[in-house]
Amino acid sequence: MKAKRGEFGYIKRKKKSALLTTLLMVLLGIIVFVTGLLLNKMSNRNIFTVIAVLFVLPGAKSLVAYIVTFPYQSVSKERYDRVREVLPEQTELYADMVITSAEKVMHLDFAVVGNGQVIGLLGNGKQEISYVRKYLTDGVHNWGPDYKVKIVDSEKTFLNEVKNITPQEVDEKEEEQVKSYLLALIV
Numbered sequence: 000m001k002a003k004r005g006e007f008g009y010i011k012r013k014k015k016s017a018l019l020t021t022l023l024m025v026l027l028g029i030i031v032f033v034t035g036l037l038l039n040k041m042s043n044r045n046i047f048t049v050i051a052v053l054f055v056l057p058g059a060k061s062l063v064a065y066i067v068t069f070p071y072q073s074v075s076k077e078r079y080d081r082v083r084e085v086l087p088e089q090t091e092l093y094a095d096m097v098i099t100s101a102e103k104v105m106h107l108d109f110a111v112v113g114n115g116q117v118i119g120l121l122g123n124g125k126q127e128i129s130y131v132r133k134y135l136t137d138g139v140h141n142w143g144p145d146y147k148v149k150i151v152d153s154e155k156t157f158l159n160e161v162k163n164i165t166p167q168e169v170d171e172k173e174e175e176q177v178k179s180y181l182l183a184l185i186v
């Protein structure tokens with residue numbers, strides 16, 4: 000099953016998929032190259048060599064995705080269920096978010112989006128909460144200028160913030176744009 004961004008278990012499935020894709024591209028490239036050698040009297044000057052080299056591009060893309068997600072783990076089912084229990088109506092829960100910027104790779108265990116708010120919980124590891132907060136706030140405000148972005152590093156604080164979300168009127172188009180933006184950030 001294809002790993003969908005923001006779903007529970009995404010990191011685990013993404014790592015597996017990226018590694019398998021990388022290995023498949025390497026294997027196919029080698030097979031095409033060797034076939035070209037055998038068909039052209041051991042000369043590598045043929046179209047098969049060019050085709051084999053083209054397998055490097057998707058293989059490299061998959062390898063980069065694997066390397067970026069390698070240090071991170073998916074959240075446990077118990078933690079995921081705990082957050083789902085307190086999730087208010089008209090909000091959406093994203094899990095296992097690995098986000099890249101030009102300077103850093105960021106990891107959020109959870110993000111709750113809806114009712115004009117984005118509330119995120121930093122994953123384990125050393126991360127500058129101020130950088131993550133600023134990066135996401137700047138990006139979200141491009142799509143939803145009135146959205147409030149809160150990034151916390153404590154699960155207890157995160158659960159309290161999620162419980163205290165109050166329903167409010169929001170522009171549905173704006174909310175969809177914010178959700179699409181956040182999903183597009185995920186590796």
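Be aware that the sequence shown starts at 0, since it is given in numbering that gives the first Met the number 0, and climbs by one per residue. Every residue gets a Cβ at the ideal spot worked out from N, C-alpha and C, and that includes glycine.
Please classify residue i: does DSSP put it in a helix, a strand, or coil?
i           : result
residue 96  : strand
residue 131 : helix
residue 62  : helix
residue 176 : helix
residue 164 : coil
residue 5   : coil
residue 88  : coil
residue 79  : helix
residue 101 : coil
Measuring straight from C-alpha to C-alpha, what distance separates residue i and residue j?
i           : j           : result
residue 171 : residue 37  : 60 Å
residue 98  : residue 104 : 6 Å
residue 4   : residue 162 : 24 Å
residue 122 : residue 107 : 5 Å
residue 62  : residue 17  : 6 Å
residue 95  : residue 28  : 32 Å
residue 120 : residue 20  : 30 Å
Kindly indicate the opening and closing residues of the alpha helix (DSSP H) around residue i.
i           : result
residue 186 : Element bounds for residue 186: n/a, residue is neither H nor E.
residue 35  : 9 to 38
Taking residue i as part of the beta strand (DSSP E), name the residues at either end of that continuous run.
i           : result
residue 150 : 147 to 151
residue 109 : 104 to 113
residue 117 : 116 to 121
With burial defined as no fewer than 16 other Cβ atoms inside 10 Å of the residue's Cβ, what is the status of residue i: buried or exposed?
i           : result
residue 167 : exposed
residue 174 : buried
residue 41  : exposed
residue 76  : exposed
residue 113 : buried
residue 118 : buried
Taking 7 Å as the cut-off, does the CB of residue i come closer than this to any heavy atom belonging to the ligand COA?
i           : result
residue 144 : Absent from the structure shown: the ligand COA. Ligands present: none.
For residue i, collect the residues of the same chain with a Cβ closer than 6 Å to its Cβ; drop the 5 residues on either side in sequence, then sort them by chain order.
i           : result
residue 12  : 2
residue 132 : 150
For residue i, collect the residues of the same chain with a Cβ closer than 8 Å to its Cβ; drop the 5 residues on either side in sequence, then sort them by chain order.
i           : result
residue 164 : 87, 90, 111, 113, 114, 116, 118
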